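In our numbering, the protein residues as written are 25 to 106. Here a beta-carbon is modelled for each residue, glycine too, at the ideal position from N, C-alpha and C. All of these numbers come straight from a predicted model, not from anything done at the bench.
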Amino acid sequence: MCLAIPGKIIRITEADEKNPRMATVDFGGIIRTICIEWVDTQNGDYILAHAGVALTVVNRDDAEAALDDFRKLSTFNTRHHE
Numbered sequence: 025m026c027l028a029i030p031g032k033i034i035r036i037t038e039a040d041e042k043n044p045r046m047a048t049v050d051f052g053g054i055i056r057t058i059c060i061e062w063v064d065t066q067n068g069d070y071i072l073a074h075a076g077v078a079l080t081v082v083n084r085d086d087a088e089a090a091l092d093d094f095r096k097l098s099t100f101n102t103r104h105h106e
């Protein structure tokens, strides 16, 4: 089982002879570099990523709703462990 997290592509670095196509992705304020070699994406797209690899493009509304749910879970978890 895996947990894929939605994030917004903020910058793309095109592939070269040594490196795959990569993107800088914002996961609700956490910035990570993700391989997007096998997914057709552009700046501003939302993707689902797992283990540093983009799995698919998702629509903005679904991605933002999922990120909001993660924030709510984080707040709930913080309140119940104080």
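How should residue i be labelled, buried or exposed, when 16 other C-beta atoms within 10 angstroms of its C-beta is the threshold for buried?
| i | result |
| --- | --- |
| Ile54 | exposed |
| Gly68 | exposed |
Could you tell me whether the Cβ of residue i comes closer than 8 Å to any Cβ of chain B?
| i | result |
| --- | --- |
| Glu41 | Absence of chain B from the displayed structure is noted, only one protein chain being present. |
Using the C-alpha atoms, what's the distance from residue j back to residue i?
| i | j | result |
| --- | --- | --- |
| Lys42 | Ala90 | 34 Å |
| Gly31 | Val63 | 14 Å |
| Asn83 | Ile34 | 15 Å |
| Ile71 | Glu88 | 11 Å |
| Gln112 | Asp86 | In this structure the chain extends from 25 to 106, so residue 112 is not present and cannot be described. |
| Asp40 | Cys59 | 13 Å |
| Thr80 | Pro44 | 16 Å |
| Ala75 | Ala28 | 8 Å |
| Arg95 | Ala78 | 21 Å |
| Thr57 | Cys26 | 19 Å |
Taking only three categories from DSSP, how would you classify residue i?
| i | result |
| --- | --- |
| Lys96 | helix |
| Arg84 | helix |
| Ala73 | strand |
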